[in-house]
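A.B. asks: Chains as they are written, first to last, in the working numbering: chain A, 510 to 599; chain B, 6 to 263; chain C, 260 to 373.
1. Under 9 Å between beta-carbons, which chain C residues line up against residue 532/A? List them in chain order, please.
2. Within the same chain, show all residues whose beta-carbon is closer than 7 Å to that of residue 242/B, passing over the 5 residues directly before and after it, in chain order.
3. Counting only runs that start and end within the segment 520 to 579 of chain A, where is the alpha helix (DSSP H) found for 4 or more residues in a row?
4. Can you name the residues of chain B whose CB is closer than 9 Å to the CB of residue 578/A?
5. Spell out whether any CB of chain B is found under 8 Å from the CB atom of residue 337/C.
6. Where do the ends of the alpha helix (DSSP H) carrying residue 22/B lie?
7. Please determine if the segment 193 to 206 of chain B and the segment 27 to 39 of chain B are in contact, where contact requires at least 3 C-beta pairs separated by less than 8 Å.
8. Determine the extent of the alpha helix (DSSP H) in which residue 255/B is found, giving its start and end residues.
9. If I measure Cβ to Cβ from residue 524/A and keep anything under 6 Å in the same chain, skipping five residues before and after, which residues do I get?
10. Residues in its own chain within less than 6 Å of residue 335/C by CB, not counting five upstream and five downstream?
11. Whose CA, out of 152/B, 143/B and 28/B, lies closest to the CA of residue 221/B?
12. So what does residue 73/B bridge to, in DSSP terms?
13. CA-CA distance, residue 174/B and residue 164/B?
14. Let's see if you can read the secondary structure: which residues bound the alpha helix (DSSP H) around residue 168/B?
15. Any beta-carbon of chain A closer than 8 Å to the one on residue 57/B?
16. Do residue 191/B and residue 59/B have their C-beta atoms closer together than 8 Å?
17. Look at residue 87/B and residue 351/C and say whether their C-beta atoms are less than 8 Å apart.
18. DSSP three-state call for residue 263/C: helix, strand or coil?
19. Hey, is residue 313/C's beta-carbon within less than 8 Å of any beta-carbon in chain B?
20. Return the chain-ordered list of same chain residues with a C-beta closer than 6 Å to the C-beta of residue 549/A, the five sequence neighbours on each side being excluded.
21. Check whether the segment 239 to 254 of chain B touches the segment 572 to 583 of chain A, counting contact only when three or more Cβ pairs, one atom from each stretch, lie closer than 8 Å.
22. Kindly indicate which residue of 348/C, 345/C and 316/C has the alpha-carbon position closest to the one of residue 147/B.
23. Is residue 543/A close to chain C? Criterion is C-beta to C-beta, closer than 8 Å.
24. On the premise that residue 119/B lies in contact with residue 169/B, defined as a C-beta separation below 8 Å, what is that separation, rounded to the nearest angstrom?
25. Go ahead and pull the three-state DSSP assignment for residue 309/C.
26. With DSSP as the reference, label residue 38/B as helix, strand or coil.
27. Give the secondary structure of residue 338/C by DSSP, where H, G and I count as helix, E and B as strand, and everything else as coil.
28. Please name the residues in the segment 72 to 95 of chain B whose beta-carbon is closer than 8 Å to at least one beta-carbon of chain C, in chain order.
29. Straight-line CA distance for residue 112/B to residue 167/B?
30. Mind checking whether residue 138/B and residue 232/B have CB atoms under 8 Å apart?
31. If you draw a straight line from the alpha carbon of residue 329/C to that of residue 64/B, how long is it in whole angstroms?
32. Cutting at 8 Å between CB atoms, please list the residues of its own chain near residue 311/C, excluding the five before and the five after it.
33. Start and end of the alpha helix (DSSP H) containing residue 118/B?
34. What residues are listed by DSSP as bridge partners for residue 293/C?
35. In three-state DSSP terms, what is residue 326/C?
36. Using a Cβ-Cβ distance under 8 Å, would residue 275/C count as near chain A?
Written as structure tokens, this is what we have:
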């Protein structure tokens, strides 16, 4: 097997392990954006341009976007809860 | 089951999975020596039979069109489910009005205005992005592209408007009923084109439209039409999802004053 | 060496599953699910690959050239877009969970214990 395919597959493995072992979701969102880009590169090297196009837009834009929006909503909800509790105890 | 029990169960099942996977791998050819006849046959005949040059799109929308219909409806139902789950319930709206006064006065809560460079870049790129998305949808049967890829590209155009700071325009674009109508039209359109195949050709989703010349944009018959319907549906679905996630934040930022 | 992509697919599956099993945050769990789904892409891609083959698009090359398998690529393409919407649905579920139970930790959910 060629050198390029071997390199990109090693890269994919290392990036996937890094994404899983990051515990904070906000940092993971950046990690999965990079992972999407690496996967798109892998699709490119394995002669699959349609799939690479799909993966670039979804994996680098749509997925981290939705994760960050969900995290924003959760944080806002937590802050509202805290303020409500402070108001009650004050 | 506590964490230790879960970990032991996971290690056991990983070992079983590894064993069965290795046993299954013995039947597969080594990577790079694809054996099977199906792909080779399609590569040879698809251009002559359907007058398209992108075989992957032909497989997606013609030879295996029924599977893509199922996948598109999975997408449709996920968007419906996401929108339903994120709707604002009545007691939330009441409590939000009460908390409005205290949560919006803190200075660090206000999002900063986007800088001029951001605004020029994002608002300047919206036009080219829409044109590029439409180009990608329309040329699906000639070059790599198609309804799915182009639809997602189209759906990120309103996001650029949001990032540029024009919140009112973003709300006008994404909460319009036309987006919901477009999504339903895309999903229903795919079904309807299949029925046209049933009525005119005897089998559901058979390619019955005029095939045209290879290499022009209106080649492929129903492949081009299904491409457009899918692009519409995917774009509208993602815009709806985006609006569902951003709705509450949008209301607060619009009301709290920019 | 020719079985390296298959090993990568198995590793991605196992590490994704490990992330799901030991997760302490629902959003982290959903992201590990996305990693697990990408293992199937690697497997499908490596089944259809042919050394020296080109992409199955014949716009610039004549029809007879050696090309990789288009069927597995068609399967992967729709799957990627559907994965994104399923992740969105799961995130919406996680949001509702946080609204009702005030926690994102799977271990702390008392109501689900049998």
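For glycine and all other residues, C-beta sits at the position ideal for the given N, C-alpha and C.
C.D. replies: Based on what the coordinates show:
1. Chain-order list of chain C residues neighbouring residue 532/A: 282, 283, 284 and 287, by C-beta distance under 9 Å.
2. Excluding sequence neighbours, residue 242/B sits near 80, 81, 84 and 188.
3. Whole alpha helix (DSSP H) segments, 4+ residues: 534 to 554 and 558 to 566.
4. 247, 250, 251 and 254
5. Chain B contact via Cβ: present.
6. Run containing residue 22/B: 8 to 30, per the alpha helix (DSSP H) assignment.
7. no
8. 227 to 260
9. 544 and 547
10. 300 and 303
11. 143/B
12. In DSSP, residue 73/B forms no bridge with anything.
13. 11 Å
14. 162 to 168
15. no
16. no
17. Remark: C-beta atoms of residue 87/B and residue 351/C approach each other more closely than 8 Å.
18. Residue 263/C: helix per DSSP, three-state reduction.
19. no
20. 561, 564 and 565
21. yes
22. 316/C
23. no
24. With 8 Å as the limit, residue 169/B and residue 119/B qualify as a contact, their Cβ atoms being about 6 Å apart.
25. strand
26. strand
27. Residue 338/C falls in the helix class under three-state DSSP.
28. Result list: 72, 73, 76, 77, 79, 80, 83, 84, 86, 87, 90 and 91.
29. Because residue 112/B carries a pLDDT of 45, less than 50, the predicted location of this residue cannot be relied on, and the following value inherits that uncertainty. Rounded to whole angstroms, the gap between the alpha carbons of residue 112/B and residue 167/B is 21 Å.
30. no
31. 7 Å
32. If we look at residue 311/C and ignore the five residues flanking it on each side, its Cβ neighbours are 325.
33. Note, residue 118/B: premise wrong, no alpha helix (DSSP H); not H, not E.
34. Residue 293/C pairs with nothing; no bridge assigned.
35. strand
36. Interface criterion met: the Cβ of residue 275/C is under 8 Å from a Cβ in chain A.
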